[in-house]
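Mind the numbering: the sequence shown is residues 325 to 796 in my numbering, read in order.
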Amino acid sequence: MSSKLILATCISLLVLIGCSKETQKTESGTYIGGQIINPTSNFLLLKKDDKLIDSIKLDQNNSFLYKFSNPKQGLYQVFHNEGQVIYVEPNDSLLFRVNTFEFDETLTFSGYGAVNNNLIIDLYLQNEEENDLMLQQEIYQQDPETFTRSIAKMKENREAIVSRFLQKYTVSAYFEKIIHAIVDYDFYARQEVYPMSHFGVDRIEFLESFPKSFYSYRDNADFNDASLLDLYSYQRFLINYFNQAAFKDYYKEEPYNPLSFTHNLHKLRTIDSKISNDSVESFLLTRTIKDYLANSNDKKGGQTLYDMYMDRIASKKDKRLIQKLYEANKKIETGKHIPNERIINSDSVTLSIEEIIKKPTFVFFWSSARKSHALRAQELAKTLIQKYPEYTYIAINVNDDFGKWQRTINRYQFDLSKQYFFEDSFDELSHDLALNSLLKTFILDRNGIIINAHANIFSSNFENELLQGLNK
């Protein structure tokens, strides 16, 4: 039997399994499979605990089927331009289908294990809706007592969804732990970020006015549970907690600034003293130093925090990652030429950045996987060059294939004269430009000399940074 026929037979079997109302576990193995609509490449990556398990190829129909060789119960991450957490148990036969144009909104599961994963997606989307509502209703600007009541109502609604699910389906104790953790840590994260998001009052007086009972939820939080590290809710809680904890070490001397040397120095120290699990500590220390190096022009501070990180971290993999980022940062220091990358314009002509820059320029990056970010950045860039005609901009697409990039810039009528496509791998761009976030924006003079390699087009200070660039 040919390999194509075997694959077709397996997928057909899994589709039949997924269509059954009373799906039974298969004893023939543990599978994930499915189809990706509008793929950005011909493969996807499967990871667990931040370690690559396999690279899975798509067939000519953009479908795939993968059998686990050594399945372990728990959370996995699937990456295809965007990342998605999935939950797998031995003998599951999980199918999913997704359109990359609307990743989260179109992701659906079928097959054995689908009900668990559909619940995870539903809870994620509900969290996004709640976040929008909280901003619209300015819930973060409420007093502590009112804020606590507001989010308690949301948490009760989420817990009711979980309760109905558990009454309807029999699940493992481990999965029950996961869904309770998603709900709990979403709300713990909101309570941690609340003091830092509230404005309009004296920050010191506000922090000191909190009753101890406000933080009583911390008694139920586990700061060292590595099994939850793939959950965004758990990550957000830890990051928000340590941002607040760091600020409380210096809040009487300096204003809150999560990008400052002072803040990150205290944050690294607090993580080191609070966390005992190596995996959790590695995640937090690496995330902290990575964000600092990617957003700071402070060479001396960067050296101090880099040395401090290297002395504390155990993971060789994370050490290599940060060492590469640190070395890349040296290439984009203020006063140096921006690395002369090769990029393709909308007429399919390959040019160097040096050939393109003729006047003061800001450079930002986008991907169709982050549609909202892309549309906002393009619109804001047009507005900024109208306000500051001394400047132009370069919009560089990353992570898309060439055809998709062309369709996107034409579909949304982006200014074609300012659109460019990076022809090499994102890893190469990351290495050359220390690019680890699409928020990074470069400000350059007319000769391509770097004025600021760590700006952010969405920052409230970005216009001031543009003006400062004109005065240099």
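For every residue, glycine included, the Cβ atom is placed at its ideal position computed from N, Cα and C. Here the structure is a predicted model, which is why all the values come from computation and not from measurement.
What three-state label does DSSP hand Arg-770 in the structure shown?
Secondary structure of Arg-770 (DSSP, three-state): coil.
If I follow the unbroken alpha helix (DSSP H) through Asp-378, where does it start and stop?
Unbroken run through Asp-378 is the beta strand (DSSP E), 375-381; no alpha helix (DSSP H).
Where the alpha helix (DSSP H) through Val-517 begins and ends
497-521
Let's see if you can read the secondary structure: which residues bound the beta strand (DSSP E) around Ser-604?
Sequence check: residue 604 is Val here, not Ser. Segment 602-619 is the alpha helix (DSSP H) holding Val-604; no beta strand (DSSP E) there.
Contact the region 735-745 vs the region 781-792: 3+ CB pairs below 8 Å
no
Please classify Gln-401: does DSSP put it in a helix, a strand, or coil?
Correct three-state label for Gln-401: strand.
Count the C-beta pairs between the region 647-662 and the region 769-777 that are closer than 8 Å, then say yes if the count reaches three, no if not.
yes
When DSSP builds the beta bridges, which residues end up paired with Arg-421?
Gln-359, Thr-432
So, do the region 388-400 and the region 410-425 have three or more beta carbon pairs nearer to each other than 8 Å?
yes
Using a threshold of 8 Å, state whether the C-beta atoms of Arg-694 and Glu-747 are closer than that.
no
Please state the DSSP three-state secondary structure of Ala-777.
The three-state reading of DSSP puts Ala-777 in strand, counting E and B together.
For Ser-754, which of Ile-733, Lys-640, Ile-720 has the nearest alpha-carbon?
Residue Ile-720 holds the alpha-carbon nearest to the alpha-carbon of Ser-754 among Ile-733, Lys-640, Ile-720.
By the 10 Å Cβ neighbour count, where 16 or more other Cβ atoms means buried, how is Asp-554 classified, buried or exposed?
buried
Tell me which residue opens and which closes the beta strand (DSSP E) that Thr-716 is part of.
716-721
Given a cut-off of 8 Å on the beta-carbon distance, is the pair Gln-515 and Tyr-541 in contact?
The answer is yes: Cβ separation under 8 Å.
Find the nearest neighbour of Ile-718 within the set Asp-724, Phe-750, Leu-459, Ser-676, judged by alpha-carbon distance.
The residue among Asp-724, Phe-750, Leu-459, Ser-676 with its C-alpha nearest the C-alpha of Ile-718 is Ser-676.
Quick check on Lys-591: buried or exposed, where buried means 16 or more other Cβ atoms within 10 Å of its Cβ?
buried
Using a 10 Å radius around the Cβ and a threshold of 16 neighbouring Cβ atoms, would you call Lys-796 buried or exposed?
Under this definition Lys-796 is an exposed residue.
Would you tell me roughly how many angstroms separate the C-alpha atoms of Ile-646 and Tyr-630, rounded to the nearest one?
Between the alpha carbons of Ile-646 and Tyr-630 lies a distance of about 8 Å.
Beta-carbon proximity check, Tyr-650 vs Leu-617, cutoff 8 Å:
Yes, these two residues count as a Cβ contact at 8 Å.
With a cut-off of 8 Å, do at least 3 Cβ pairs link the region 500-520 to the region 470-477?
Yes, since at least three Cβ pairs between the region 500-520 and the region 470-477 fall closer than 8 Å, the two stretches touch.
If you follow the alpha helix (DSSP H) that Asn-734 is in, where does it begin and where does it stop?
726-735
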